[in-house]
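Asks: Shown below is the structure under consideration.
There are 2 protein chains.
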Amino acid sequence: MASTHSGNPRVVIVGCGFGGLETARALANAAADITLVDKTNHHLFQPLLYQVATAGLSAPAIAAPVRHLFRRQANVTTLLGEVVAIDTAARHVVLADGPMLPYEHLVVAAGATHSYFGRDDWAPHAPGLKTLDDAFEIRRRILLAFEAAEKEADPALRDAWLTFVVIGGGPTGVEMAGTLAEIARHTLPGEFRRIDPASARILLLEGGSRVLQTMPEDLSRRASEQLEKLGVEVRLDSRVVAIDAGTVEVQAGTGAAARTVTINSRCVIWAAGVAASPLGRQLAQTLGVPMDRAGRIVVEPDLSLPSHPEISVIGDLAAARSFAPGREPQPVPGVSPAAKQMGRAAAANILRRMAGTATRPFRYRDYGNLATIGRNAAVVDLVSPVGHFKFSGYFAWLFWLFAHIWFLIGFRNRIVVLIDWASAYWSKQRYARVVSDIGDGPLL
Amino acid sequence: MASTHSGNPRVVIVGCGFGGLETARALANAAADITLVDKTNHHLFQPLLYQVATAGLSAPAIAAPVRHLFRRQANVTTLLGEVVAIDTAARHVVLADGPMLPYEHLVVAAGATHSYFGRDDWAPHAPGLKTLDDAFEIRRRILLAFEAAEKEADPALRDAWLTFVVIGGGPTGVEMAGTLAEIARHTLPGEFRRIDPASARILLLEGGSRVLQTMPEDLSRRASEQLEKLGVEVRLDSRVVAIDAGTVEVQAGTGAAARTVTINSRCVIWAAGVAASPLGRQLAQTLGVPMDRAGRIVVEPDLSLPSHPEISVIGDLAAARSFAPGREPQPVPGVSPAAKQMGRAAAANILRRMAGTATRPFRYRDYGNLATIGRNAAVVDLVSPVGHFKFSGYFAWLFWLFAHIWFLIGFRNRIVVLIDWASAYWSKQRYARVVSDIGDGPLL
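One line per chain: the protein sequences are C and F, in this order.
For the first sequence, the positions run 1 to 444 when my numbering is used.
For the second sequence, the positions run 1001 to 1444 when my numbering is used.
This is the structure in structure tokens:
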């Protein structure tokens, strides 16, 4: 039952990650009243979240307050709130505490969360990395593991404290494992008296046959080599079957060679899977819209929902396809550039609907992939009209560095990150090694 | 029952605030095995903690990892741990989890915590500012108060969200109130659509007859004037008698004019009192040593304990006196320079005891006092051999700024703070406005 509403059409955007941010920006000149709501007060530059998790950057360096970003866009109202339901019949968004938000157009960009493949009991033992709180928790565990090892008299327990396991060989896992090795081998030596941090073991467990599976095979191989050079033990064909407070059980190898291995570790990091936000599942069930295995909503070519052209779903919440003329539709990956492009496309289609013209199918332009491994090491896979470039090593790392700084939002953030990294590079130090309290966690 | 111990004398230092840090540093060349234990992993520059609480600086800018600071001092072992007891008969320190720490010399520098004058039930409603966790909590409440006001339909509740109360007119309270006014009047306007942040009320409640009571009267008066110019309502002779989740009850005025005033506020900050750490109380009770009203241990002139010359107590935990030739002993204030000087004095006396020579009484050199009020405003009271200088306003603020940056530990920290403040000054922005999650606190 749509309410009669005079005045500008109301657009509600749920989520201010890359998708929601670009949607709102692309509507800067629209004759619309836009409400942008997020359950945090900041836009997070997720590609650098692993730096906060490894104490290399402080949180404000990669997080910008949303209402500050949109202060000059008069048609945007920013609200801090958690969306608990979407009433698609009455066309309003329901917040946990706050006013109802009626809409003529809705963009749902609530993102993804961790997936433990049905084993949510693993979550307390193996935190993932999606939000700032996740990053703080991982940072706390990493720093406290070395502290606990320094105090530990029992050699077996000490080894468990100095064994770090990263689960998942995608970009996040590779970055975390490489950076952990940097911390152990370059940052901390000399600061402890009873342990040698450089003796820490860092294991990267990947269930498939290579790391960075979305990249060309030769780059996967280079990444593995660079990880091993840094001292990371890369274990392929290794599927985790159990995690508790002190151990990880792994089924390693394939076929007849498969065997179960137990690793004693008190610091396990999950980088193996994400699933769509529960809000997506709720929306899909309400509307009877299909979801894929990861809980992402299967959207129409123009990113809207079947029978609900006024609702678009974008970013990690959407199972979207890319439509290029003369080619088969391609699945769109859950990466930041795709979320940004979907945001712009959703905004363009909203403008078309407002004008009464036909919407257009989404077309994803894949410019390639980057992943860093550690100091001086990265792999870059670039796709451009003039050719396909693949490179790795030091130059790739510089490219990766500048690309990430370029895409950071906010001039000050760029300067801060540049300074922090420049001095960290020269001094091998990490800037943000603050743990505010020991906490009551399972560690101690 | 002292254990027979061959080898270097063991010195245990509890706490790595200003007192503990200076003790350890002053023993750099001692033939001793020093263990420095703190329940956090960092040394905190407390004078700038209010900047983290008001989202002006990130935590790493004012906190340095202890083991990094002492990495090159070979006779220091750093441990992260919480001291739960001191066995003064057996001469060892007991940690919550970790090895026992035997000592020949012990320095207790565990610092202070908040005092609510017996009303600990006020603590959840009025957080104080002593640790990084305190700063994060206060920052969260300040930022969320404006967010909640933006969503609030009821005007009375909205006013309560936009009413901030700071309790206590010492330097911390004055700095918090002045900075809150800056945030409301300079930082946030333009970023909200439903509220006008500049209309927020900021009240500073002081029980006595002037703010900054440790400073000369004319400087107190200037500070009040500068606060009022910033839009802070300074209420003198105002004693808090009750605090709950939504109100503060104040007994205002003296004698026949006294009346009770109720203020509706959902963001109250406590800056009215500190008390010695519980470890101090425990130590005093064990040894039958007197404490003053704030729970600080009454120490000997050389900062040691009666009948236990091997134990020194320094910093905010100690009720110490300053002995200058030809003058009456003076009480030593609980300020950072005093803690640093006591640290150096305790170290010097440990070296004397090790050499078998007589210890010396502590002499505090009071160089004066600084407090800032906000942009361009501070009061400075300097005591030097060449004279007594008092000034306020813009030049005092510059002096305050550079003095604080000078005393920050770590070159990188100084650069970071300088850059953050320079750009904040020019842009009127605050850098660290990150709230990682809405939380389950009493606000929402």
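C-beta: ideal position from N, C-alpha, C; glycine also.
Fair warning: this is a prediction, and the values are worked out from it, not measured in the lab.
(1) From F:V1250 to F:A1242, what distance separates their C-alpha atoms?
(2) Okay, do the segment 1068-1086 of chain F and the segment 1154-1163 of chain F touch, 3+ Cβ pairs below 8 Å being the bar?
(3) Is the Cβ of F:V1014 closer than 7 Å to any Cβ of chain C?
(4) Going along the segment 57-69 of chain C in order, which residues come within less than 7 Å of chain F, judged by CB to CB distance?
(5) What are the residues in the segment 1076-1088 of chain F lying within 7 Å of chain C by C-beta distance?
(6) If contact means a Cβ-Cβ distance below 8 Å, which residues of the segment 182-196 of chain C contact chain F?
(7) Work out the CA separation of C:A96 and C:D237 for me, nearest whole Å.
(8) Going by the CB atoms, is the gap between C:P60 and F:Y1425 shorter than 7 Å?
(9) Could you run through the segment 1421-1432 of chain F and flag, in chain order, every residue whose CB is less than 8 Å away from some CB of chain C?
(10) Assuming F:A1276 contacts F:D1316 under a Cβ cut-off of 8 Å, what Cβ separation, rounded to an integer in Å, is found between them?
(11) Straight-line CA distance for F:A1371 to F:L1049?
(12) Would you kindly work out how many angstroms separate the C-alpha atoms of F:A1153 and C:V313, rounded to a whole number?
(13) For F:D1244, write down the residues that DSSP places opposite it in a beta bridge.
(14) Decide if F:D1440 is buried, meaning its Cβ has at least 16 other Cβ atoms within 10 Å, or exposed.
(15) Does the Cβ of C:W397 have 16 or more other Cβ atoms within 10 Å, making it buried, or fewer, making it exposed?
(16) Which bits of chain D does F:K1151 rub up against, with CB to CB less than 8 Å?
(17) Using beta-carbon positions only, say whether F:A1346 and F:V1107 come within less than 7 Å of one another.
(18) Could you list the residues in the segment 1023-1057 of chain F with a C-beta less than 8 Å from some C-beta on chain C, going in chain order?
(19) By DSSP's criteria, F:P1331 is part of a beta bridge. Which residues make up the other side?
(20) Compare the Cα-Cα distances from F:A1123 to each of F:G1295, F:C1267, F:R1360 and F:V1052 and report the closest residue.
(21) Do the segment 1115-1133 of chain F and the segment 1253-1271 of chain F touch if we need at least three Cβ pairs shorter than 8 Å?
(22) Please report the Cβ distance between C:L212 and C:G168, rounded to the nearest whole angstrom; I am assuming they are in contact, meaning their Cβ atoms lie under 8 Å.
(23) Suppose the cutoff is 6 Å on Cβ atoms and the five residues either side in sequence are ignored; what does the same chain contact list for C:A319 look like?
(24) Please state whether DSSP places F:A1275 in a helix, a strand or coil.
(25) Give, in chain order, every residue of the segment 1116-1130 of chain F whose Cβ lies closer than 8 Å to some Cβ of chain C.
(26) Express the C-alpha separation of C:E310 and C:A338 in angstroms, rounding to a whole number.
(27) Buried or exposed, going by whether 16 or more other CB atoms sit within 10 Å of the CB of C:A89?
(28) Quick one: measure Cβ to Cβ for F:Y1103 and F:R1010, integer angstroms, because I've assumed they're closer than 8 Å.
(29) Hey, does C:R158 have any beta-carbon neighbour from chain F nearer than 7 Å?
(30) Using a Cβ-Cβ cut-off of 6 Å (strictly less than) and excluding sequence neighbours within five positions of F:I1062, which residues of its own chain qualify?
(31) Going along chain F in order, which residues have a C-beta closer than 9 Å to the C-beta of C:R10?
(32) Could you tell me which chain F residues have their CB closer than 7 Å to the CB of C:E147, listed as they occur along the chain?
(33) Out of F:R1235, F:F1389, F:G1207 and F:L1401, which one is the CA nearest neighbour of F:R1375?
(34) Report the neighbours of C:R71 on chain F: residues whose CB is nearer than 8 Å to its CB, in chain order.
(35) With which residues is F:W1270 paired in a DSSP beta bridge?
(36) List the residues of chain F that C:E143 touches, going by C-beta distances under 8 Å, in chain order.
Replies: According to the structure data:
(1) The alpha-carbon separation between F:V1250 and F:A1242 amounts to approximately 7 Å.
(2) With the rule of 3 Cβ pairs closer than 8 Å, the segment 1068-1086 of chain F does not count as touching the segment 1154-1163 of chain F.
(3) It does not: the Cβ of F:V1014 has no partner Cβ on chain C nearer than 7 Å.
(4) Within the segment 57-69 of chain C, the qualifying residues are S58, A59, P60, A63, P65, R67 and H68.
(5) Cβ proximity to chain C below 7 Å picks out T1077, L1079, L1080, G1081 and E1082 from the segment 1076-1088 of chain F.
(6) Under the 8 Å Cβ criterion, the segment 182-196 of chain C contributes G190, E191, F192, R193 and R194.
(7) Taking the straight line joining both Cα atoms gives about 43 Å.
(8) No; because the gap between Cβ atoms is not below 7 Å, this pair is not in contact.
(9) Hits within the stretch, in order: S1423, Q1429, Y1431 and A1432.
(10) The Cβ separation is near 7 Å, so the contact holds.
(11) Straight-line Cα distance between these residues: approximately 13 Å.
(12) Near 29 Å, if we compare the C-alpha coordinates of C:V313 and F:A1153.
(13) The partner list for F:D1244 (beta bridge, DSSP) is empty, contrary to what the question assumes.
(14) Residue confidence for F:D1440 is low, a pLDDT of 34 falling below 50, so the modelled location carries little weight; the figure read from the coordinates is stated next. It counts as exposed.
(15) It is buried - the Cβ of C:W397 has at least 16 other Cβ atoms within 10 Å.
(16) In the structure shown, chain D does not exist; the protein chains are C and F.
(17) Yes, the pair counts as a contact, with Cβ atoms nearer than the cut-off.
(18) The segment 1023-1057 of chain F vs chain C, Cβ under 8 Å: K1039, T1040, N1041 and H1042.
(19) DSSP lists F:R1321 as partners of F:P1331.
(20) Nearest neighbour of F:A1123 by Cα position, chosen from F:G1295, F:C1267, F:R1360 and F:V1052, turns out to be F:C1267.
(21) The segment 1115-1133 of chain F vs the segment 1253-1271 of chain F: in contact.
(22) Taking the Cβ atoms as the reference, C:L212 lies roughly 11 Å from C:G168, outside the contact range of under 8 Å.
(23) Result list for C:A319: D292, R296 and V298, in chain order.
(24) F:A1275 falls in the strand class under three-state DSSP.
(25) The segment 1116-1130 of chain F vs chain C, Cβ under 8 Å: nothing.
(26) When the Cα atoms are used, C:A338 and C:E310 turn out to be separated by approximately 21 Å.
(27) Around the beta carbon of C:A89, fewer than 16 other beta carbons sit within 10 angstroms, so the residue counts as exposed.
(28) 5 Å between Cβ atoms; contact.
(29) No, because no Cβ of chain F sits closer than 7 Å to the Cβ of C:R158.
(30) Here F:I1062 has F1045 and L1048 as same chain residues with Cβ atoms under 6 Å from its own Cβ, once five neighbours each way along the sequence are excluded.
(31) Near C:R10 there are no residues of chain F at all, since even the closest Cβ is about 13 Å away, more than 9 Å.
(32) Within chain F, the residues near C:E147 are N1041 and L1080.
(33) Ranking F:R1235, F:F1389, F:G1207 and F:L1401 by Cα distance to F:R1375 puts F:L1401 first.
(34) Ordered by position in chain F, the residues that pass the 8 Å Cβ test against C:R71 are G1190 and E1191.
(35) Partner(s): F:I1167.
(36) It is Leu, not Glu, that sits at residue 143 of chain C in the sequence shown. Residues of chain F passing the Cβ test: N1041.
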